[in-house]
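The structure appears right after this line, and notes come after that.
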Amino acid sequence: MKKLCVLVCGTFLISGGALASTEILVKFKQAGTAASLVRSKKLNGFASSLAVSQLQLQAVRQFVPKDGRYVKLTIANEHEAKALLKELRARKDVLSAGLNKQYQLTQASGKNCCTSEALATDPLFSQQWALRNMGVGGKLGADIDIARAWKIQTGSKNVVVAIIDSGMDLGNPDLTGNVWRNSRESVDGVDNDGNGYNDDIYGWNFLNNDGNVQDERSHGSHVAGIIGAVGNDGRGIAGINWQVSLMPLKVFGATGGAYEEHIVQALRYAQANGAHIINASFAYSTKGVIEPGEYTVLRDAINELQSSGILFVSSAGNDGLSLDTTPAYPANYALSHQITVASTDSHDVISGFSNYSATFADIAAPGSAILSALLGNDYKVQDGTSMAAPMVSGVAALLKAENPTWQATQIKEAILRGRDYVPSLATKVKTQGRLNAYNSLRGIYRTAPPEPTNWVRQSLPEVIETLHPVPFAYEKAFEVYGPVDAKAMRIIFDQIEDSCRYCTVEIYDKTGTMVVSTSQIPGVRYNETSRYVFGNYMKIVYKTVLTPGAYGFKASYFEYSR
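For the sequence shown, the tail end lands on 1157 under my numbering, and the numbers increase by one without skipping.
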């Protein structure tokens, strides 16, 4: 059977995918319609064309307990599956239908930090730059401002954050102290609370269909530690929430990926069992193929969360590309109760691996070199939008603790409006900024400076250009000065190519702040206007580390605004 890969975005880079192309997920409007199909196991009456109605179903089953509208169909081959899918999407009694996609995890790199032996005497908060950046190896203040936020709120056990991931290390007291517990259930082999799951004490394992949510690959534990490792206890790291209820929903095993079927089941479980926030550190990269998202069962299940006031936080993905041209899902769904998160580094610059978009990526948060929990009471630095998303989920949980009656859209508004404006993110995320917990809790909303107008074009004193093509391990910097009364400046590139791997064009303002980084748009571009910097000075740096052969750039003009 062919499989469709989707990815989790931690230090876990996105890889492409395949489809479970002979499996179709369907959500009917009525459970009765689904039940009749399951009983008959035949397509007679479910397809208008004779050829499709005569297709043989290898298996038919409802796959979401307590919600009979969801059905999985197994078809003999990919061609027949696509024909049936087209027919199903045309039916008025079908809400959504799609192939059963798989979301794939591939870990990139990480650095071991410390082991549990030293934790009691050597707390690791000082190494969590994303929470409090003191400027050592980074930019002072390029963090989520958590120290001031903790003076207002440190979290509440009444707030439930569901983590759809690889489970959680139940042997790490930094995590288990904040694990969610189903108080209505007992370990007796009986579904005591009648929710369709026997012995779901701490959550559910949708791979094995049991209550064992023990992590097998550390990704879920790392995400959980960011959101809510027990804080202020003299052990390990501090989570954004010192106390919270973390609900582990396991859809990823020790290896391989997670099928959309299981993710949908996890979403429905979270909704039915009291989650307020759902963290989704995974994405399926289409590699440029636009998916008809309105048809997918996953989108439909996420959309249904809105009726319960649940905030859905998704990672932007790790292709290092624009979501405008290379969509990733669920990042690109752009729902009203959803926040899609890109990643920044300790210098307040978009991470090189992070996807971005001023349309689909709502906000950025720290995701490079993030310290959190691993299996075996261990701690490790990881990179990825998988680490950026739980930063936002963590702050969302603080807001819910401070404002218990708030719904998803209110929490979302406070997070997006409370962001710190960061010039280098102006074209990378919709809000042009990075997460700030304190601003969001205090209701401090900062607007971006107004766009400069009335641009005047002027020739450069001399043409500035790199070598053509640029050689291996090349770096060249150019300084450009405008009129003394210029309020803003930008460069006009006659020709530019910066899309090769490890090639970057960086533009800095007079304070040394990077305002623009590489666009990563493929190919050579002509007569391109850069992002502006404020002031009458700019520095342009072209770098290539490994890959020679790109054109570089040439510029003859700049523009200024008074």
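Idealized CB from N, CA, C, for every residue including glycine. It should be emphasised that the depicted structure is a prediction, and the values quoted were computed from it without experimental measurement.
Coarse secondary structure for residue i, derived from DSSP in three states
| i | result |
| --- | --- |
| E856 | helix |
| Q722 | helix |
| A991 | helix |
| L602 | Note that L602 scores 43 on pLDDT, short of 50, meaning its location in the model is unreliable; the coordinates nonetheless yield the value given after this. In this structure, L602 counts as strand in the three-state DSSP scheme. |
| P961 | strand |
| R1157 | coil |
| D1089 | strand |
| A956 | coil |
| R727 | coil |
| E1123 | strand |
| D786 | coil |
| Y1137 | strand |
| S617 | According to the sequence as given, residue 617 is Thr; it is not Ser. Three-state DSSP puts T617 in a strand. |
| D978 | coil |
| V1017 | coil |
| S1151 | strand |
| A547 | Lying before the first or after the last residue shown, residue 547 is absent from the chain, which here runs from 596 to 1157. |
| P768 | helix |
| A892 | For the record, residue 892 in the displayed sequence is Val; it is not Ala. Helix, per DSSP. |
| P1047 | coil |
| E780 | coil |
| V633 | helix |
| T628 | helix |
| I759 | strand |
| T1004 | helix |
| I873 | strand |
| N800 | strand |
| Q1053 | strand |
| Y1146 | coil |
| D717 | The predicted position of D717 is uncertain, since its pLDDT is 30 and thus under 50; no value can be drawn from it. |
| S1035 | helix |
| Q809 | strand |
Whether residue i touches residue j by CB criterion (7 angstroms)
| i | j | result |
| --- | --- | --- |
| L900 | Q866 | yes |
| P799 | L841 | Reading the sequence as shown, one finds Trp at residue 799 and not Pro. The answer is no: Cβ separation not under 7 angstroms. |
| A937 | S909 | no |
| S988 | I1086 | no |
| E1154 | W1050 | yes |
| E650 | K636 | Reading the sequence as shown, one finds Leu at residue 650 and not Glu. Not in contact: L650 and K636 (Cβ atoms no closer than 7 angstroms). |
| V892 | K681 | no |
| L1159 | I835 | Outside the displayed range of the chain (596 to 1157) lies residue 1159, so it cannot be described from this structure. |
| P1045 | A1083 | no |
| L679 | V647 | yes |
| Y1016 | R1041 | yes |
| V839 | G750 | yes |
| E1092 | Q748 | no |
| G784 | V825 | no |
| T1061 | R1126 | no |
| Q933 | F907 | yes |
| E618 | N672 | no |
| M982 | L1030 | no |
Candidates the options: closest to residue i by CA position
| i | options | result |
| --- | --- | --- |
| D978 | S941, A1003 and N972 | S941 |
| I758 | N868, F1148, V1119 and Q625 | N868 |
| D949 | N777, A923 and D794 | Looking at the sequence provided, one finds Ser at residue 949 rather than Asp. Comparing Cα-Cα distances from S949 to each of N777, A923 and D794, the minimum goes to A923. |
| Q1090 | D1080, K1105, V1058 and L1030 | V1058 |
| S903 | L862, T920, L893 and L970 | L862 |
| Q1053 | S963, V1075, A1068 and P843 | V1075 |
| G806 | R830, V846 and I835 | V846 |
| V1136 | V1100, S643 and K746 | V1100 |
| A853 | R830, R812, Y1103 and Y698 | Y698 |
| N790 | V659, A654 and A956 | V659 |
| I741 | L1036, A678 and I905 | L1036 |
| G1130 | V1119, Y1103, G1144 and G1118 | Y1103 |
| W745 | S1151, D738, A1032 and G733 | A1032 |
| N804 | K1134, D795 and E811 | D795 |
| G1118 | F1148, G1107 and K1138 | F1148 |
| M1109 | N773, I945, V825 and V689 | I945 |
| A953 | K1071, A1072 and T935 | T935 |
| S813 | N787, E855, Y797 and L770 | L770 |
| Y1146 | F1088, D957 and L966 | F1088 |
Below-7 angstroms beta-carbon distance, residue i vs any chain D residue
| i | result |
| --- | --- |
| I965 | The question asks about chain D, but that chain is absent: this structure has only one protein chain. |
inquiry  = Please give the ranges of any beta strand (DSSP E) in the region 812-859, keeping only runs that are unbroken, at least 3 residues long and fully inside the region.
reply    = 840-845 and 852-854
inquiry  = In chain order, what are the residue ranges of uninterrupted alpha helix (DSSP H) at least 4 long that sit wholly in the region 645-709?
reply    = 645-648 and 673-684
The region 1011-1021 / the region 905-913 touching (three or more Cβ pairs under 8 angstroms) = no
inquiry  = Is it the case that the region 778-785 contacts the region 1026-1038, given that we only count it when at least three CB pairs across the two stretches are under 8 angstroms?
reply    = no
ask   = Is the region 816-826 in contact with the region 762-773, if contact means three or more CB pairs nearer than 8 angstroms?
value = yes
message = Does the structure place the region 656-666 close enough to the region 618-632 that three or more beta carbon pairs sit under 8 angstroms?
response = yes
message = Within 8 angstroms, do at least three Cβ pairs link the region 956-972 to the region 724-736?
response = yes
message = Restricting to runs no shorter than 4 residues, where is the alpha helix (DSSP H) found entirely within the region 895-963?
response = none
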